[in-house]
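Heads up: the protein sequence lines correspond to chains E, B, U and V, in order. In terms of the numbering used here, the first sequence opens at residue 1 and continues consecutively. In terms of the numbering used here, the second sequence opens at residue 163 and continues consecutively. In terms of the numbering used here, the third sequence opens at residue 544 and continues consecutively. In terms of the numbering used here, the fourth sequence opens at residue 745 and continues consecutively. What follows is a short report on a single structure.
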Amino acid sequence: MNRITVETLLQDLASRGLNGEKISEQQIKVFASKDNFVNHLHYLQTIGFEHLANINGVDYIAENEFEVVYQVYSYEHKIHIVFKVRIPREKPVILTVVTLWEQAQFYEQEVHEFYGIYFEGNKDLSHLFLENWNDLPPLRKDFNTEEFSEKLFGSKRHGGGK
Amino acid sequence: MNFNSYSLTKIAKEDKDTTYDLFFGPNHPGMHGNFGYVLDMVGTEINSVRPNAGQLHRGFEKLMEQRGWVQNLTLVPRICVMDPDPNEVAYCMSVERIMGVEIPERAKYLRTITLEMSRLTAYLLAIGGFGGTLGHYTPTHWSTADRDLIMDMFEWLTGGRVYHIYNIPGGVRSDAPEGFFDKLLEVMDALEARLPDYDSILFENPIVHKRLKGLGYVSKEDARKTGLSGPNLRASGNAYDVRKDVPYAAYPYLDFEIITQEGGDALTRALQIRLEYEQTINLIRQAVKKIPEGDVRLNLGLLGNLKVQAGEAYEKVESSKGEFGYYIVSDGGTKPYRVSVRGPSLPAGFLWAQKHLPTMKIDDVAAWMGSLSICPPDFDK
Amino acid sequence: MFNINSLEQQDNQDKLWDKVINYFRKRSLWMLHYCTGCGAMELPPVMTSRWDMERFGIGPMATPRQADILLITGYSSVRTMKRIIRTYEQMPEPKWVLAFGSCTVNGGMYWDSYNVINNLGEYIPVDITIAGCMPRPEAILDSMLKLMDMIQAGEAKAFRKYKENYAYYKANQDRLFMERGPVLESAALRYVHEETEGGEA
Amino acid sequence: MMTVFNIILYSLFAILVGLIFLGIGRKVAARVHLRYGPPFYQSIIDVIKLMSRESITHNFVMDLGMVMALTGLIGTMLYIPIAGHIAFESNTNIIVIMYLMAIGHLGMAMAVSASGNPYANIGVSRALTMMLGYEVPFFTVMLGLIIYNQSSSVMVINLAQAGSIWNWNIWQMPIGFIAAEMALQAMMGEKPFDAMIAPAEIASGPMVELSGRYLGLGFLTKAVGVFVETALIVNFFFGGGTSVITFVIKQLEVFLIAVIFDNIFPRYKIEQAVKFLWIFPMGLAVIQLILLAI
């Protein structure tokens, strides 16, 4: 397979209907819609982007949207893709990619736990880290960690001084 | 002589009542860190495994959104206590990428030196870990004492023994003190002179070979697909190293080859650490030799009020466990909008645990875990 | 809250025998091999060749039944806290607790974290707290020596405090571990997903 | 009356010497690790401390088992001559020793199974498996000794080696000695044959649930065990001793060799250990037996 550069990759993805932007010589970001992003990820996997480094969420509360970010890297082309999918905050449901990468199981569990995003098709979305948790998923912007800590653990700003 | 073929446990496997749950960790001497596996056992054989994580969860990613850009530097090294500097460097690199600044050459070399020193401490601990999990405490005692030589150098350079917070956005905090590099080279000589001892007591020990050979095999393709990284990936025959592929700091100026091996089992991973240990000493020597004069940090104004323009970046660093990545989103304020950390241990700690452990007996769990250099805090965060 | 008087009365009763046995207790301190947090990183240097705590008869032990000291090495998350309490209650008396680092006093740098308890002393009694993040090996060793002095003088009696004020500790522990409703009102915003038909992609 | 007094004296002596051996062993191990290590009397302090602690028992069987383990080994010790002194005179005491030595492990197994902890159960099953592993080669070597001396009395074997250093059995049957040394390493539970303790695997195995006095009894059992096992080797291969002092010094040497080996090897898995013991020491023991027969 020929070595793909950032520019040719961006052109290729644009022809498939994906908008992208260059971040650096070895890194681009791509915006995909929630309807067909799995196909795009599958395509990327077939052209050599086989390393899924991480899946993480971002809470854009001002725009009332969640973003799920897939960090994908290719060992051959040495390009990193920040693959972004936006979903509405009221109904945070997205398709799973466990079929493409096995380790996605645990990343999705983590994102579900911290953002409350549901991954359709993922069989096990149980909590990995938190126990006895009945509050908002903690990494959402409308969850106030300081207030939570103050109420449950009795924490004080500046250690209670001043 | 195959004990398995006629063991009672084989018969018992069909009987539902003979299985029991065994808590391997968190309170277990063989466990690396505060983490655990709940093993579903038949006799001494493992049926299935459930990772029991969350004991180390501190909500780093949330806390980083509450604190200023530079304040966060106190948090990031605590994500991996054995090898803290890659976290600082990856965080700083991401911030610098968003700000679009290039750090001075001397700072790049100083970063490289701290990164490699940190890698050495982690490898020395890993050598001790191999000893400890196999019940061989002599190398553990030796290597932990040898690690202290580097800890003292760190203390001299940065003021901290374990957490250094030496790298800051825009370079490093201060220049190296006078005489530091000469002493560092002496320490490197001392550490290299110890290698034959480790070889004879650990890496060439016939019983170590017997215990580790064939344990936890990962094939070349599986290692690439499941997100393993670092020494684990290279021990399976993949020539991938962030230092070479996505060069950062002063690595483009240094002369080194990616070390790969074909074995893919625990023994190969142990030898991989031993080989890379030698390479790291060599890299530090090169960096010390080539380090240019000049500034060690950019003037970014008052760091306490640092503002980073809106943007995002994912930067990765090769740590002793594998690829550490920091994905940072900035909205132009005095605090990050989102910091997401990619720890290298998750694929090994969760996915490969579920693949490997059910083929093992209880004897091998600790050694297997040590061989994949699983560091729980980096996925527990 | 703590009934100091009754402790002192109890102390006066068996003083001579305690003095003899305290010598042996202080010279043979076994600590539990449980790293609850990152402070455990400075334990290997203390245990191994450089600082060699076995000189003083201090050594790691595998299970709570065998151990005298419980080291809380740094912050403890809610899940760890549960395991710490289980461990502590399994240990036979006399037992001592050493708390490492600032995180065990007021949460340290994790003071506003949603998963880290702030003051360890509210949940189990602590004999000695070592300041710093993380405490240096010298500080750890020094605290051990201090604990030895306290044991010899009969001052290290925190485990009795736990028995006498069990209701206080239990109430604090229950606050964390009992089935509880949401802590913040914002929890009402939670989205609960109902599986749609044909959910498989 | 005299016998009772003798028994108490012998047991106290064995316990004391065993504990000091363990302390010296820790000190030597520490030197291999490049550190100072505890004082040589550390094990005695440990045991006294353990005896003074709160002890958690699970049931009567656990109490009984721990006592049985200790008394089993003390009983063995009474049949072993120490520099010509012996508590119970017997013409066939090798057979008795062979039987009694197993009681220590069985008592431990009883006590530990009673606690119900799975780690403890795995540990004890490993200990019993290991016993299968080392007893076969060790008793084969003993058989060689019995054939060579035409007697199954330790005292007779002991006296046959008197006179000069060159009369010692270590020169008469060196191959058997090596086999016995390997078996001894397993018998004392030193690495590479310490799979039954294995802290990193099964959290110290049989000792998981033992606290206070029970752990103290466990330590005493270990101490007497070390005494008995080294005493056997000294009697069989090093000609016993002219006085108690030389006997104990010889015992210490045998013990320290084991400690040094303990510190340069990691541990075998249990099946690897048994395999090793049934191939190498067993092979050597059989070769020795054949050589003696010719």
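Glycine included, each C-beta is placed from N, C-alpha and C at the ideal position.
(request) Compare the C-beta of N400 of chain B against all C-beta atoms of chain E and say whether one is closer than 9 angstroms. (result) Translated into the one-based positions of the second sequence, residue 400 of chain B becomes position 238. Yes, its Cβ sits closer than 9 angstroms to a Cβ of chain E.
(request) Look up W594 of chain U in the DSSP assignment and say whether it is helix, strand or coil. (result) By one-based count along the third sequence, residue 594 of chain U stands at place 51. Coil at W594 of chain U, not helix or strand.
(message) On the CB-based measure, 16 or more other CB atoms within 10 Å of its CB, does W915 of chain V come out buried or exposed?
(response) Position 171 of the fourth sequence holds residue 915 of chain V. Exposed.
(request) Could you list which residues in chain B have their beta carbon closer than 9 angstroms to that of L41 of chain E, in chain order? (result) Within the first sequence, the letter at position 41 stands for residue 41 of chain E. Residues of chain B whose Cβ lies closer than 9 angstroms to the Cβ of L41 of chain E do not exist; the shortest such Cβ separation is about 13 angstroms.
(request) Under 8 angstroms Cβ to Cβ from R568 of chain U, same chain only, skipping five residues before and after it: list those, please. (result) Position 25 of the third sequence holds residue 568 of chain U. Here the set comprises D611, P637 and I694.
(request) Answer yes or no: do T965 of chain V and A831 of chain V have a C-beta to C-beta separation smaller than 9 angstroms? (result) Taking the fourth sequence and counting its residues from 1, the one referred to as residue 965 of chain V is at position 221. Taking the fourth sequence and counting its residues from 1, the one referred to as residue 831 of chain V is at position 87. No.
(request) Could you name the residues of chain V that K372 of chain B contacts, counting a contact when the two beta carbons are closer than 7 angstroms? (result) On the second sequence, position 210 is the one that residue 372 of chain B refers to. The answer, in chain order, is Q1016.
(request) Can you say whether T8 of chain E is buried or exposed, counting buried as having 16 or more other CB atoms within 10 angstroms of its CB? (result) Numbered from its first residue, the first sequence carries residue 8 of chain E at position 8. Exposed, by the Cβ-count rule.
(request) Consult DSSP for H576 of chain U and reduce its assignment to one of helix, strand or coil. (result) In the third sequence, counting from the first residue as 1, residue 576 of chain U sits at position 33. Note: H576 of chain U maps to coil in three-state DSSP.
(request) Can you have a look at A714 of chain U and say buried or exposed, based on whether 16 or more other CB atoms are within 10 angstroms of its CB? (result) Within the third sequence, residue 714 of chain U is the residue found at index 171, counting from 1. Counting Cβ neighbours within 10 Å, A714 of chain U comes out exposed, since fewer than 16 surround it.
(request) Under 8 angstroms by Cβ, that's how I've got Y73 of chain E and H51 of chain E pegged, so tell me the actual separation to the nearest angstrom. (result) Position 73 of the first sequence holds residue 73 of chain E. Position 51 of the first sequence holds residue 51 of chain E. Between H51 of chain E and Y73 of chain E the Cβ distance is about 4 angstroms, and since that is below 8 angstroms, they are a contact.
(message) Can you give me the C-alpha to C-alpha distance between R259 of chain B and A475 of chain B, rounded to a whole angstrom?
(response) Counted from its first residue, the second sequence places residue 259 of chain B at position 97. Counted from its first residue, the second sequence places residue 475 of chain B at position 313. Distance between the alpha carbons of R259 of chain B and A475 of chain B: 7 angstroms.
(request) Could you check the C-alpha separation between H77 of chain E and R626 of chain U for me, to the nearest Å? (result) Numbered from 1 along the first sequence, position 77 holds the residue referred to as residue 77 of chain E. Numbered from 1 along the third sequence, position 83 holds the residue referred to as residue 626 of chain U. Going by C-alpha positions, H77 of chain E is about 47 angstroms away from R626 of chain U.
(request) Can you grab the Cα-Cα spacing for the pair E833 of chain V / W573 of chain U, in whole Å? (result) For this step, residue 833 of chain V is matched to residue 89 along the fourth sequence. For this step, residue 573 of chain U is matched to residue 30 along the third sequence. C-alpha separation (whole angstroms): 42 angstroms.
(request) Ignore the nearest five residues each way along the sequence and tell me which others in T884 of chain V's own chain have a CB closer than 6 angstroms to its CB. (result) Here residue 884 of chain V is taken as the residue at index 140 of the fourth sequence, counted from 1. Once the five neighbours on either side are set aside, the close Cβ partners of T884 of chain V are A1029.
(message) For A730 of chain U and D135 of chain E, I'd like the C-alpha separation in whole angstroms.
(response) The residue given as residue 730 of chain U occupies position 187 in the third sequence. The residue given as residue 135 of chain E occupies position 135 in the first sequence. Taking the straight line joining both Cα atoms gives about 5 angstroms.
(request) Could you pull out every residue in the same chain whose Cβ sits closer than 6 angstroms to the Cβ of L961 of chain V, ignoring the five residues on either side in sequence? (result) The sequence position of residue 961 of chain V within the fourth sequence is 217, counting from 1. The beta carbon of L961 of chain V is closer than 6 angstroms to those of M810 and L814 in its chain, skipping five residues each way along the sequence.
(message) Can you give me the C-alpha to C-alpha distance between R431 of chain B and S533 of chain B, rounded to a whole angstrom?
(response) Taking the second sequence and counting its residues from 1, one reaches residue 431 of chain B at position 269. Taking the second sequence and counting its residues from 1, one reaches residue 533 of chain B at position 371. One Cα belongs to R431 of chain B, the other to S533 of chain B, and the distance between them is close to 6 angstroms.
(request) List the whole-angstrom C-beta distance separating G867 of chain V from G969 of chain V, where the pair is believed to meet the contact cut-off of C-beta under 8 angstroms. (result) Residue 867 of chain V sits at position 123 when you count from the first residue of the fourth sequence. Residue 969 of chain V sits at position 225 when you count from the first residue of the fourth sequence. Between G969 of chain V and G867 of chain V the Cβ distance is about 16 angstroms, and since that is not below 8 angstroms, they are no contact.
(message) Just to confirm, is the Cβ distance from K123 of chain B to F343 of chain B under 9 angstroms?
(response) Here chain B covers residues 163 to 543 and nothing more, so residue 123 of chain B does not appear.
(message) Please list, in chain order, the chain U residues whose beta carbon lies closer than 7 angstroms to that of V93 of chain E.
(response) Indexing the first sequence from 1 puts residue 93 of chain E at position 93. Going along chain U in sequence order, the residues near V93 of chain E (Cβ under 7 angstroms) are H736.
(request) Could you spell out the range, first to last residue, of the alpha helix (DSSP H) harbouring D149 of chain B? (result) Residue 149 of chain B lies beyond the residue range present for chain B, which begins at 163 and ends at 543; the question has no answer from this structure.
(message) For P607 of chain U, tell me which candidate among U:W594, U:R629, U:D595 and U:A583 has the shortest Cα-Cα distance.
(response) Along the third sequence, read from residue 1 onward, the residue named residue 607 of chain U stands at position 64. The candidate whose alpha carbon is nearest that of P607 of chain U is U:R629.
(message) Closer than 8 angstroms to a non-hydrogen atom of the ligand NAD - does that hold for the CB of G877 of chain V?
(response) The model on display carries no ligand, and the ligand NAD is accordingly not part of it.
(request) Just the C-alpha distance for N144 of chain E and F37 of chain E, rounded to the nearest angstrom, thanks. (result) Along the first sequence, read from residue 1 onward, the residue named residue 144 of chain E stands at position 144. Along the first sequence, read from residue 1 onward, the residue named residue 37 of chain E stands at position 37. So the alpha carbons of these two residues sit roughly 32 angstroms apart.
(request) Could you check the C-alpha separation between E165 of chain E and T579 of chain U for me, to the nearest Å? (result) An answer regarding residue 165 of chain E cannot be provided, because it is not within the stretch 1 to 162 covered by chain E.
(request) Have a look at B:Y499, B:T206, B:C537 and B:L519 and flag the residue whose alpha-carbon is nearest the alpha-carbon of Q228 of chain B. (result) Residue numbering aside, residue 228 of chain B sits at position 66 when the second sequence is read from its first letter. Q228 of chain B has its Cα closest to that of B:Y499, out of B:Y499, B:T206, B:C537 and B:L519.
(request) Enumerate in chain order the residues of its own chain whose CB-to-CB distance from L139 of chain E is below 8 angstroms, with the five nearest sequence positions on each side excluded. (result) The residue given as residue 139 of chain E occupies position 139 in the first sequence. Around L139 of chain E: G57, D59, F114 and Y115.
(request) Return the CA-CA distance between R775 of chain V and D308 of chain B, expressed in angstroms with no decimal places. (result) Residue 775 of chain V sits at position 31 when you count from the first residue of the fourth sequence. Residue 308 of chain B sits at position 146 when you count from the first residue of the second sequence. Using only the alpha carbons, I get a separation of about 16 angstroms.
(request) State the CB to CB distance for the pair G389 of chain B and S481 of chain B, rounded to an integer number of angstroms; the pair is presumed to be in contact (CB under 8 angstroms). (result) Counting from one through the second sequence, the residue named residue 389 of chain B turns up at place 227. Counting from one through the second sequence, the residue named residue 481 of chain B turns up at place 319. With a Cβ gap of about 15 angstroms, G389 of chain B and S481 of chain B do not count as contacting.
(request) Tell me the start and end of each unbroken alpha helix (DSSP H) in the region 356-412 of chain B that is at least 4 residues and wholly inside, in chain order. (result) Runs of the alpha helix (DSSP H) inside the region 356-412 of chain B: 368-374, 382-387, 393-396 and 404-407.
(message) Let's test the definition: count the other Cβ atoms within 10 Å of the Cβ of E953 of chain V and tell me whether it reaches 16, buried, or not, exposed.
(response) For the purposes of this step, residue 953 of chain V is taken as residue 209 along the fourth sequence, with counting starting at 1. Buried: at least 16 other Cβ atoms inside 10 Å.
(message) At the level of alpha carbons, what is the spacing between T1052 of chain V and I839 of chain V?
(response) Summary: the structure shown does not reach residue 1052 of chain V, with chain V confined to residues 745 through 1038, and so no result is reported for it.
(message) Counting only Cβ pairs nearer than 7 angstroms, list the residues of chain U close to F143 of chain E.
(response) Taking the first residue of the first sequence as 1, we reach residue 143 of chain E at position 143. Under the 7 angstroms cutoff, chain U gives S729.
(message) With a threshold of 9 angstroms between beta-carbons, can W711 of chain U be considered close to chain E, or not?
(response) Taking the third sequence and counting its residues from 1, the one referred to as residue 711 of chain U is at position 168. Reading off the sequence, residue 711 of chain U comes out as Tyr, not Trp. Not an interface residue.
(message) Does H51 of chain E come out as helix, strand or coil in the three-state DSSP assignment?
(response) In the first sequence, the residue the question calls residue 51 of chain E occupies position 51. Three-state DSSP puts H51 of chain E in a strand.
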